[in-house]
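Asks: Quick one: this structure, given as structure tokens, is what I'll be asking you about.
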Amino acid sequence: MSGTKKERIPLIGLPGMTHEGKLAMISQFLGFGMDAYDMGLVIILAPVLTHVFVPPSKAGLAWQYVMILLTYSITMAARPFGSAFFGHYADKFGRRRIFLITMAGVGIVAGVTAFLPTYAEIGIWAWVLFALMRFLMGFIFGGEYAVGHTFAMELCPKDIRGRVGGIIQSGFPFGYMLNAFVFAAFSAVMSEEAMIAVGWRYVFLTGLIPVFIALVIRRMLPESPMYKLAKEKGELEKHPFLSLFKPPTLWTFLIILVFMSGLFIRDYTVYSYIPDILTLKGHGFDYTTYSLIYGFSLFITVLGYIFYGWLSDYIGRRKLTILWNIYILIIGIPAYYLLYIAALSHIIGLALLATIIVCSLKFTWGMLPAWLAENFPTKRRSSGVGFGYSGGVFVGAWYSIYTWWVHSIPQIQAIEGEVQWLSPAIVGIIGAVMCIIAILFVPERKGVDLAEIKE
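Heads up: the sequence shown at position 408 corresponds to 407 in numbering that gives the first Met the number 0, and the numbers run straight through without jumps.
See the structure below:
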């Protein structure tokens with residue numbers, strides 16, 4: 000009897016994790032953190048970069064700012080293509096080789112960006128080159144999580160995939176926290192003129208530090224045992240990416256696409272509108288206070304991703320996500336309203352409480368590495384994980400338009416006024432409904448051996 004009893008998973012630690020598995024986890028935490036670090040630099044350096052790459056305009060700094068933010072969108076648009084490309088070749092030729100290439104590519108592009116000529120030197124071509132670097136970075140990072148997430152999950156014990164995935168996923172908000180700290184440090188010792196002249200170059204070069212560490216770790220790692228087994232059995236496919244669009248994998252992929260679209264909509268309506276709500280267009284918290292609250296929200300998100308991934312190992316990804324999204328349906332509007340009232344009344348304690356609640360709407364991301372890996376067989380896992388993850392951008396990236404449509408409804412506008420707090424809450428709730436509907440059609444695979452997943 001005792002021999003058939005399932006062992007209880009320890010609440011803390013990484014039981015059963017090999018040395019290689021831990022290295023893979025750390026490597027991907029750094030890789031995913033570098034993703035956020037790089038993306039965040041464009042946002043946080045935007046006031047500086049407008050003077051570096053963009054021509055003066057009669058429309059003023061506002062137009063120059065838009066030109067820099069446009070490169071952020073270019074980065075996002077490139078990701079699905081990178082996921083498809085690198086995911087496909089990781090399924091054909093192996094994970095290790097490809098994720099060494101992606102991380103090296105990140106380092107090269109970061110280094111080249113730091114030495115780009117300015118508008119004063121070559122005119123509009125400076126912006127074109129910067130936009131090209133942003134496209135290449137997005138393309139490479141699309142492959143980075145397609146391969147890195149897959150590799151880490153394949154080296155992870157089946158009973159703790161959720162918590163390991165949560166740790167990896169927490170690298171993203173950690174990266175945002177880190178770039179805010181680095182920018183603050185440079186700004187403290189350099190004048191605005193110095194930042195425009197040369198400081199921005201140093202900031203981009205700091206990204207080479209985590210890249211170097213990740214590359215050193217990855218060179219120490221072997222090929223994924225699951226991939227090697229699939230290769231030995233002759234299970235590899237000639238066109239793994241294209242096989243995503245053939246039944247029955249097609250149905251799984253479409254369900255994941257709906258889920259990820261809902262998740263991206265939910266995510267963007269949190270972080271994109273927290274700044275506007277907290278500052279109330281100059282009538283809320285000052286920028287220093289807002290920055291501290293925003294940094295606190297990122298810290299809460301780091302912990303939340305780890306907590307959600309850990310909890311999914313016990314409750315199950317499917318059940319937990321359904322319950323969590325029902326929680327979002329209930330708490331979504333009150334949470335945004337609480338944030339709005341906190342800013343209106345300038346009560347920092349209330350703002351921190353509201354921030355914790357609003358950030359909790361994002362915690363589902365903590366289970367993604369495990370959940371996505373559990374829905375595709377080894378022979379097309381990198382393609383499925385990568386394109387399934389980034390494919391949600393096709394619908395989710397237009398969240399601002401959806402929010403504006405909701406805001407333009409007279410009844411909604413009468414309630415929220417000029418500051419959009421109700422409309423993003425409603426759009427976020429729609430995203431939660433999409434997540435619930437999609438995951439209802441996905442079987443629970445918590446604790447299943449990834450090598451046994453066939454179709």
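All residues carry an ideal CB built from backbone N, CA and C; glycine is no exception.
Since the structure is predicted, the reported quantities are computational estimates derived from the model, not experimental observations.
Take the Cβ of P9 as the centre, count every other Cβ of all protein chains shown within 10 Å, and call the residue buried at 16 or more, exposed below.
Replies: By the neighbour-count rule (16 or more Cβ atoms within 10 Å), P9 is not buried but exposed.
Asks: Are the stretch 93-112 and the stretch 162-176 touching, with three or more C-beta to C-beta distances below 8 Å?
Replies: The stretch 93-112, when compared against the stretch 162-176, does not touch it at the 8 Å Cβ threshold.
Asks: Do three or more CB pairs link the stretch 387-395 to the stretch 67-83 at distances below 8 Å?
Replies: A contact exists between the stretch 387-395 and the stretch 67-83.
Asks: Compute the Euclidean distance between the alpha carbons of L461 and T354, then round it to the nearest angstrom.
Replies: With the chain covering 0 to 454 only, the question about residue 461 has no answer from this structure.
Asks: If you run the structure through DSSP and keep just helix, strand and coil, what is C434?
Replies: C434 falls in the helix class under three-state DSSP.
Asks: When burial is assigned at 16 or more other CB atoms within 10 Å of the CB, is V197 buried or exposed?
Replies: Classification of V197: exposed, given that the 10 Å Cβ count is below 16.
Asks: If we count the other Cβ atoms within 10 Å of its Cβ and call it buried at 16 or more, is V188 buried or exposed?
Replies: Exposed, by the Cβ-count rule.
Asks: Need the endpoints of the alpha helix (DSSP H) that H148 sits in, please.
Replies: Counting along the chain, the alpha helix (DSSP H) containing H148 begins and ends at 124-153.
Asks: Restricting to Cα atoms, I'd like to know which of Y335, N374, G206, H87 is closest to T112.
Replies: Ranking the options by Cα distance to T112, first place goes to G206.
Asks: Quick check: the stretch 30-37 against the stretch 135-149, are there 3 or more CB pairs under 8 Å?
Replies: Result yes; three or more Cβ-Cβ pairs closer than 8 Å.
Asks: Enumerate in chain order the residues of its own chain whose CB-to-CB distance from L177 is below 6 Å, with the five nearest sequence positions on each side excluded.
Replies: Same-chain partners within the cutoff: Y36.
Asks: Please state the DSSP three-state secondary structure of H345.
Replies: Note: H345 maps to coil in three-state DSSP.
Asks: Measuring straight from C-alpha to C-alpha, what distance separates L256 and A119?
Replies: Straight-line Cα distance between these residues: approximately 44 Å.
Asks: In the DSSP assignment, find the alpha helix (DSSP H) that holds Q168 and state where it starts and stops.
Replies: That run of the alpha helix (DSSP H) goes 160-168.
Asks: Please determine, among L22, S82, G174, E454, the residue with the shortest C-alpha to C-alpha distance to V301.
Replies: Checked all of L22, S82, G174, E454; the closest Cα to V301 is G174.
Asks: With a threshold of 16 other CB atoms inside 10 Å of the CB of V447, please say whether the residue is buried or exposed.
Replies: Exposed, by the Cβ-count rule.
Asks: If you pair each beta-carbon of the stretch 126-138 with each one of the stretch 344-360, do three or more pairs fall below 8 Å?
Replies: No contact exists between the stretch 126-138 and the stretch 344-360.
Asks: Among P274, W309, Y313, which one has its Cα closest to the Cα of F295?
Replies: Answer by Cα proximity: P274.
Asks: Considering Cα atoms alone, identify which of H345, P333, R265, P224 is closest to H282.
Replies: Residue H345 is the option with its Cα nearest to H282.
Asks: Just to confirm before moving on: does the CB-CB distance between L243 and S382 stay below 8 Å?
Replies: Yes, Cβ-Cβ distance for L243 and S382 is below 8 Å.
Asks: From I216 to M38, what distance separates their C-alpha atoms?
Replies: When rounded, the distance between both Cα atoms is 23 Å.
Asks: Which residue marks the beginning of the alpha helix (DSSP H) containing I43, and which one marks its end?
Replies: Here the alpha helix (DSSP H) through I43 covers 18-43.
Asks: Quick check: what's the CA-CA separation for H193 versus F85?
Replies: Checking the sequence, you will find Ala at residue 193 rather than His. If I take the Cα positions, the gap works out to 39 Å.
Asks: Run the CB neighbour count on I408, radius 10 Å, all protein chains shown included, and call it buried at 16 or more, exposed below.
Replies: Burial call: exposed.
Asks: Which first and last residues belong to the alpha helix (DSSP H) in which D266 is found?
Replies: From DSSP, the alpha helix (DSSP H) with D266 extends over 248-270.
Asks: Taking the beta carbon of E415 as the centre, do at least 16 other beta carbons fall within 10 Å, making it buried, or is it exposed?
Replies: Burial call: buried.
Asks: Which residues mark the beginning and the end of the alpha helix (DSSP H) in which T377 is found?
Replies: Neither: T377 is in no alpha helix (DSSP H) and is coded neither H nor E.
Asks: Whose CA, out of I356, L69, V441, lies closest to the CA of M132?
Replies: The candidate whose alpha carbon is nearest that of M132 is L69.
Asks: Go through its chain and collect everything with a Cβ distance to F475's Cβ below 6 Å, but skip five positions before and after it.
Replies: Since the first and last residues shown for the chain are 0 and 454, residue 475 lies out of range.
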